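Note that numbering that gives the first Met the number 0 has the first sequence beginning at 0, numbered continuously upward. One structure below.
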Amino acid sequence: MLDIHKLRKEGKEIERRLQTRDSSIDLSEIMKLDARRLELISKVEELKAERNRGSQEVGRLKREGKDATQQIEAMSAVSAQISALDSELNDDTKRINYLLSLLPNVPHASVPVGKKEEKVILRSHGEVPQQDFTVKNHLEIAEEKGLLDFTRGAMIAGARFPMYVGAGAMLEMALIQYMFFYHSRRSYTAVFPPFLANPESFYVSSQLPKFADEDYYCEKDDLYLTPTAETLLANLHRGEILSSSDLPKKYVAYTPCFRREAGTYGEEERGLIRVHQFNKVELFKFTKPETSYDELETLIEDVEGILQALGMHYRVALLSTQDLAQQATKTVDIEVYLPGQGRYYEVSSCSNCEDFQARRGNTRYRPAEGEKPEYVHTLNGSGVATPRLMAAILENNQTADGRVRVPDVLQEILGMEYL
RNA sequence: GGAGGGGUGGGAGAGCGGCCGAAUCCGCCAGUUUGGAGAACUGGUGUACCUUCUUGGUACCGCGGGUUCAAAUCCCGCCCCCUCCGCCA
Numbered sequence: 000m001l002d003i004h005k006l007r008k009e010g011k012e013i014e015r016r017l018q019t020r021d022s023s024i025d026l027s028e029i030m031k032l033d034a035r036r037l038e039l040i041s042k043v044e045e046l047k048a049e050r051n052r053g054s055q056e057v058g059r060l061k062r063e064g065k066d067a068t069q070q071i072e073a074m075s076a077v078s079a080q081i082s083a084l085d086s087e088l089n090d091d092t093k094r095i096n097y098l099l100s101l102l103p104n105v106p107h108a109s110v111p112v113g114k115k116e117e118k119v120i121l122r123s124h125g126e127v128p129q130q131d132f133t134v135k136n137h138l139e140i141a142e143e144k145g146l147l148d149f150t151r152g153a154m155i156a157g158a159r160f161p162m163y164v165g166a167g168a169m170l171e172m173a174l175i176q177y178m179f180f181y182h183s184r185r186s187y188t189a190v191f192p193p194f195l196a197n198p199e200s201f202y203v204s205s206q207l208p209k210f211a212d213e214d215y216y217c218e219k220d221d222l223y224l225t226p227t228a229e230t231l232l233a234n235l236h237r238g239e240i241l242s243s244s245d246l247p248k249k250y251v252a253y254t255p256c257f258r259r260e261a262g263t264y265g266e267e268e269r270g271l272i273r274v275h276q277f278n279k280v281e282l283f284k285f286t287k288p289e290t291s292y293d294e295l296e297t298l299i300e301d302v303e304g305i306l307q308a309l310g311m312h313y314r315v316a317l318l319s320t321q322d323l324a325q326q327a328t329k330t331v332d333i334e335v336y337l338p339g340q341g342r343y344y345e346v347s348s349c350s351n352c353e354d355f356q357a358r359r360g361n362t363r364y365r366p367a368e369g370e371k372p373e374y375v376h377t378l379n380g381s382g383v384a385t386p387r388l389m390a391a392i393l394e395n396n397q398t399a400d401g402r403v404r405v406p407d408v409l410q411e412i413l414g415m416e417y418l
C-alpha cells in the first residue's frame with residue numbers, strides 16, 4: 000500500500016515512476032476522491048464537535064432538572080446530517096483504499112526500466128559442468144530411477160501435483176532439512192507456520208485483492224492455502240510497535256506452496272519446472288528503513304550460500320520494472336542452469352518491499368525513545384524452492400555411467416553418494 | 001460441534017448511558033534526594049486522522065452493525081482466548 004500523504008505531495012512524480020511498471024496506471028481518480036474525502040472529513044468532524052458539545056449540554060440540563068427538549072431536537076437534526084455525510088465518507092474511503100490496494104510499489108532508482116527482457120545479469124558463480132556425454136533432462140533421469148511419479152500424483156490430486164518416491168522423496172526431504180537448518184544456524188529464527196491463512200493475512204502481504212485467482216481457497220472456512228511463506232511471515236508482527244533494538248528481525252520458514260498457476264503452462268515447463276504444489280524454505284526480514292537495502296544484499300548472500308554449498312552453478316539477475324511483484328521495489332533473482340533444458344531457471348527471488356506490506360499490516364518500530372513510530376521495511380527471499388533445485392541437481396550431477404552424484408553436504412542426511 | 005466464562009491503555013485491573021481517552025496499582029521516562037544505587041517524593045508516560053504558525057478538533061475500550069440528543073456501558077451478528085463435555089489425531 001502506498002502512502003496517501005505522499006501521493007498528495009508527490010502524486011505526479013509517483014505516477015510517472017509507477018508507469019515504468021505499467022503504463023496504464025492513472026492516479027487521477029484517487030487524487031480526486033481524496034480531495035473530496037478531506038473536505039467531507041472537515042465537515043463531519045465539525046458537526047461531530049457540535050453534537051458532542053450539545054449532548055453534554057443535554058446532560059447538564061438534565062442534571063440541573065431543566066427542560067432539554069429543544070436541545071435534544073436540535074442535536075437529533077445534527078445527528079441525521081452526520082450519518083448522511085458519514086456514509087458518503089465511508090464509500091469514498093472504501094473506494095480509495097480499494098484503488099490504492101491495486102497499485103504497485105514505487106520501483107527503486109537502481110531498477111532497470113522496461114520489459115522482462117531488460118533484466119541485468121549482475122554476476123555468476125561457477126561454471127556450467129562439462130558433460131561430454133548425451134545429457135538427459137530431469138524427467139528422463141527421474142523416470143529411470145523412479146524418483147518421481149507424476150501419473151499417481153495426477154491420479155490423487157491432478158496434473159502438476161508431483162509425487163516424490165523413494166530416493167526422490169528422500170532427496171526432497173534432505174534438501175528441505177539442509178536449507179532450513181543452514182539458515183537457522185545463521186541467525187534466522189526458525190518458524191513452522193500455519194499453511195492456511197485468513198483473507199486479512201493475504202491482504203497484508205499483498206496477495207489479495209489483486210491475485211486471488213492464483214490462490215487455492217477453502218470457502219467453508221474462509222481460508223487460503225499459502226502460495227509462499229512470505230504471505231504468512233509478513234503478518235508475524237501485525238499491529239505491533241517493535242523496539243529499535245529488536246531490528247532487524249530475521250526468520251526462516253519451511254512451507255509447502257500452493258499455486259493455481261492459471262493459464263501459465265507451456266511445453267517447456269513440464270516436469271518439475273512449474274507445479275501446483277512445491278516445497279520452499281523462505282527467508283524474511285523486518286528492518287529499519289535506512290538499512291533495508293544493505294539487508295537485501297546480505298539476504299542474497301545467504302541464498303547464494305545454499306547454492307554454493309550444493310556446488311551449483313548459478314547467476315544473479317536484477318529484475319526490470321515490469322517484472323516486479325506488486326509489493327516489491329527491487330528484486331534480484333537467482334537462477335540455476337539446467338543443462339537438460341539448456342537454460343537458466345529461477346530458484347530464488349529476493350525482494351525489498353520497503354514499507355508497502357508494513358503499512359498494510361501496521362507493523363512499526365520506534366526509532367528512539369520518545370519518537371513517533373515508523374513503518375518497518377520488509378524483505379523476503381526464497382532460500383530456496385526445491386523443484387527446480389532438484390531438477391538442477393539431477394541434470395548437473397548426472398554422470399556418464401547414468402548415475403547422479405549426491406551433493407557432498409546432503410550425503411550424510413541421505414546416506415548415499417549416488418542416486 | 002455443545003454449555004459456561006472472558007476480551008478495557010506496556011502489564012494487572014476498575015468502570016451508575018452523560019462530568020470517561022478512561023480510576024487505581026505496577027512498569028517506564030524525567031526531576032528532587034544520595035558519595036553512588038535503592039527507597040521515597042514530584043511530574044510525565046497510547047495511536048491515528050483532520051486543521052494549524054502556536055492551537056484546536058475527531059476517532060479508537062476484540063471486530064462490525066443497531067438503539068439514543070449522547071455508548072466502554074444497552075441490543076444484534078462475528079472473531080479470539082479460557083474451562084467443561086463430545087468427536088478425532
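Note that beta-carbon positions come from the ideal geometry of N, C-alpha and C, so glycine has one too. From a predicted model like this one, the values you see are computed outputs, not experimental measurements.
For the beta strand (DSSP E) that contains Pro192, what are its first and last residues? From DSSP, Pro192 is part of no beta strand (DSSP E); its letter is neither H nor E.
DSSP on Ser86, reduced to helix/strand/coil? The answer is helix: DSSP assigns Ser86 an H, G or I state.
Span separating the alpha-carbon of Glu178 from that of Thr385: The identity of residue 178 in the sequence shown is Met, whereas the question assumes Glu. Approximately 10 Å, taken between the alpha carbons.
By the three-class DSSP mapping on this structure, what secondary structure does Thr286 have? strand
Do you know offhand how far Gln421's Cα is from Lys8's? Shown here, the chain extends from 0 to 418; a query on residue 421 therefore has no answer.
Would the region 383 to 399 and the region 307 to 316 be scored as touching if the rule is three or more Cβ pairs under 8 Å? yes
Expressed to the nearest angstrom, what Euclidean distance is found between the alpha-carbon atoms of Arg269 and Arg36? 51 Å
For the candidate residues Lys42, Val43, Arg359, whose alpha-carbon lies nearest to that of Ser204? Arg359
Counted within 10 angstroms of its Cβ, other Cβ atoms place His236 as buried (16 or more) or exposed: Counting the other Cβ atoms within 10 Å of the Cβ of His236 gives 16 or more, which makes it buried.
In chain order, each beta strand (DSSP E) run of at least 3 residues that lies wholly inside the region 243 to 281: 248 to 257
So, do the region 312 to 322 and the region 360 to 367 have three or more beta carbon pairs nearer to each other than 8 Å? They do not touch, by the three-pair rule.
Proximal residues to Val43 (C-beta, below 8 Å), its chain only, five neighbours per side dropped: Excluding sequence neighbours, Val43 sits near Ile81, Leu84, Asp85, Leu88.
For Arg314, which option in Asp25, Arg94, Arg15, Ser123 has the closest C-alpha, if you only look at C-alpha atoms? Ser123
Across the region 214 to 227 and the region 251 to 258, are there enough close Cβ pairs to call them in contact, namely three or more that are closer than 8 Å? Counting Cβ pairs under 8 Å, three or more are found: they touch.
Is the beta carbon of Asn419 sitting closer than 7 Å to the one on Gly339? Residue 419 lies beyond the range of the chain shown here (0 to 418); nothing can be said about it.
My understanding is that Asp301 touches Arg404, with C-beta atoms under 8 Å, so please give their C-beta distance in whole angstroms. In fact, because the Cβ distance is near 25 Å, the residues do not count as touching under 8 Å.
Considering Asn351, what are the terminal residues of the beta strand (DSSP E) in which it resides? 342 to 351
For His4, count neighbouring C-beta atoms within 10 Å of its own C-beta (all shown protein chains included) and say buried if the count is 16 or more, exposed if not. exposed
Leaving out five residues on either side along the sequence, give the residues of the same chain with a beta carbon under 7 Å from the beta carbon of Leu271. His137, Pro161, Pro386, Arg387, Met389, Ala390
Rounded to a whole number of angstroms, what is the C-alpha to C-alpha distance between His182 and Lys31? 47 Å
So the candidates are Asn197, Glu213, Asp245; which of them puts its Cα closest to the Cα of Asn234? It is Asn197 whose Cα lies nearest to the Cα of Asn234.
Excluding sequence positions up to five away, which residues of its chain have a Cβ less than 6 Å from the Cβ of Pro193? Sequence-distant Cβ neighbours of Pro193 in its own chain, meaning closer than 6 Å and more than five residues away, do not exist here.
Roughly how many angstroms separate the alpha carbons of Met172 and Leu413, rounded to a whole number? 9 Å
For the alpha helix (DSSP H) that contains Lys144, what are its first and last residues? 137 to 144
Contact under 7 Å by Cβ, Ala252 with Glu281: yes
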